[in-house]
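K.L.:
For reference, the structure I am asking about is given below.
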């Protein structure tokens with residue numbers, strides 16, 4: 001079985017290839033389960049103009065598709081660079097608990113790919129944010145949850 | 160032109176519809192530019208088994224596809240519920256600066272859709288995280304950036 005360093009090296013090589021052969025950004029990620037590569041993702045933002053198409057997100061989508069499950073517990077992700085907060089949250093949401101990465105946030109920033117400001121902004125309390133989220137008081141804001149409960153509760157009359 | 164409350168109500172109605180008609184989770188989001196609805200996203204996680212298919216992410220993808228651009232500056236997002244950190248980071252990355260939402264993080268948590276622990280974990284310093292990210296020292300970790308620079312710098316010999 002490959003070592004963690006070998007899997008990470010594979011992610012780094014894919015990041016290089018994404019720049020050289022695909023005119024993409026310099027990021028790639030690998031998702032591995034039980035020593036097998038389940039999915040590889042590269043940063044596709046420049047190709048498909050999807051701002052969410054970071055390498056880790058693309059790899060998560062592919063791994064979930066392959067497993068036919070949104071739960072990626074037991075998987076390990078190898079990211080050529082430290083994940084941004086969108087990708088880190090996606091990693092947690094998917095159930096992945098082990099993350100190995102190559103370049104640091106500081107190295108990425110030195111090359112024009114800084115995301116620390118996004119970590120800062122997401123981590124702030126709302127009133128401290130540069131762009132605070134605004135809650136609007138509208139009727140029925142809670143209704144989607146109530147309908148969810150109604151639809152997903154076993155009926156009393158069910159046999 | 161519709162009011163902010165009317166656009167948000169539309170998102171909430173879509174969240175309800177997603178539960179009732181699509182067996183989906185109770186979340187939806189609308190992206191609006193210059194008073195026009197560019198895209199609507201619903202939480203598709205249960206349908207397509209993509210853990211990243213939250214309503215805001217789906218709406219961002221559709222809006223970017225429609226504009227053929229990963230830059231959504233000037234757009235406003237209306238989310239039936241307070242965005243999770245993955246979606247909030249995606250909102251920032253896409254350039255959206257105005258976020259209106261209906262139900263709070265607390266209301267969502269009461270109904271079993273809590274994400275505050277993910278905000279906490281993403282916002283921590285790495286050594287404080289429950290699952291710290293692990294940087295591996297491998298050769299070439301910085302190389303994707305160097306290749307990026309090489310490929311994207313104007314050649315000295317270009318006329």
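Residue numbers (the numbering used here), protein chains in the order written: chain D, 1 to 159; chain S, 160 to 318. Just so you know, even glycine gets a beta-carbon here, dropped at the ideal spot from N, CA and C.
Listed from N- to C-terminal order along the chain, which residues in the region 255–266 of chain S have their beta-carbon within a distance smaller than 8 Å of any beta-carbon of chain D?
P.N.:
Here the close residues are 256, 257, 258, 259, 260, 261, 262, 263 and 266.
K.L.:
Is DSSP giving residue 90 (chain D) helix, strand or coil here?
P.N.:
Helix.
K.L.:
So, using beta-carbon positions, are residue 300 (chain S) and residue 102 (chain D) closer together than 8 Å?
P.N.:
Against a cut-off of 8 Å, the Cβ pair of residue 102 (chain D) and residue 300 (chain S) comes out as a contact.
K.L.:
Under three-state DSSP, which class holds residue 222 (chain S)?
P.N.:
In this structure, residue 222 (chain S) counts as helix in the three-state DSSP scheme.
K.L.:
Note down, in chain order, each residue of its chain lying with its Cβ closer than 8 Å to the Cβ of residue 291 (chain S), except the 5 sequence neighbours on either side.
P.N.:
Result list for residue 291 (chain S): 285, in chain order.
K.L.:
Could you tell me the alpha carbon to alpha carbon distance between residue 58 (chain D) and residue 45 (chain D), rounded to whole angstroms?
P.N.:
Roughly 10 Å between the two C-alpha positions.
K.L.:
Let me see if you follow: with CB-CB separation under 8 Å, is residue 203 (chain S) close to chain D or not?
P.N.:
With 8 Å as the cut-off, residue 203 (chain S) does not count as an interface residue toward chain D.
K.L.:
Using a 10 Å radius around the Cβ and a threshold of 16 neighbouring Cβ atoms, would you call residue 28 (chain D) buried or exposed?
P.N.:
Answer is buried; the Cβ neighbour count reaches 16.
K.L.:
Residue 100 (chain D) bridges to which residues according to DSSP?
P.N.:
Paired residue(s): D:78 and S:293.
K.L.:
Give every residue of the same chain whose Cβ lies closer than 8 Å to the Cβ of residue 221 (chain S), excluding the five residues on either side of it in the sequence, and list them in chain order.
P.N.:
If we look at residue 221 (chain S) and ignore the five residues flanking it on each side, its Cβ neighbours are 190, 197, 198, 199 and 200.
K.L.:
Output, in sequence order along the chain, the residues in the region 288–301 of chain S whose CB is closer than 9 Å to any CB in chain D.
P.N.:
Within the region 288–301 of chain S, the residues whose Cβ lies closer than 9 Å to some Cβ of chain D are 289, 290, 291, 292, 293, 294, 295, 296, 297, 298, 299, 300 and 301, listed in chain order.
K.L.:
From the DSSP output, which residues share a beta bridge with residue 190 (chain S)?
P.N.:
Answer is S:198 and S:236.
K.L.:
Going by CA-CA distance only, name the one from S:240, S:209, S:230 and S:224 that's closest to residue 137 (chain D).
P.N.:
Closest option to residue 137 (chain D), Cα to Cα, is S:240.
K.L.:
Closer than 6 Å by C-beta to residue 275 (chain S): which residues in its own chain qualify, once you throw out the five before and the five after it? Chain order, please.
P.N.:
Result list for residue 275 (chain S): 264, in chain order.
K.L.:
To the nearest angstrom, how far is it from the Cα of residue 14 (chain D) to the Cα of residue 53 (chain D)?
P.N.:
The straight-line gap from Cα to Cα measures roughly 15 Å.
K.L.:
Nearest to residue 302 (chain S) by CA position, among D:12, D:2 and D:1, is which residue?
P.N.:
Residue D:12 is the option with its Cα nearest to residue 302 (chain S).
K.L.:
Can you tell me the Cα-Cα spacing of residue 252 (chain S) and residue 9 (chain D), whole angstroms?
P.N.:
Each residue's Cα considered, the two are about 27 Å apart.
K.L.:
If residue 234 (chain S) sits next to residue 255 (chain S), beta carbons under 8 Å apart, how far is it from one beta carbon to the other, in whole angstroms?
P.N.:
Between residue 255 (chain S) and residue 234 (chain S) the Cβ distance is about 5 Å, and since that is below 8 Å, they are a contact.
K.L.:
Where residue 65 (chain D) and residue 278 (chain S) are concerned, what is the direct C-alpha to C-alpha distance, given to the nearest angstrom?
P.N.:
Approximately 26 Å, taken between the alpha carbons.
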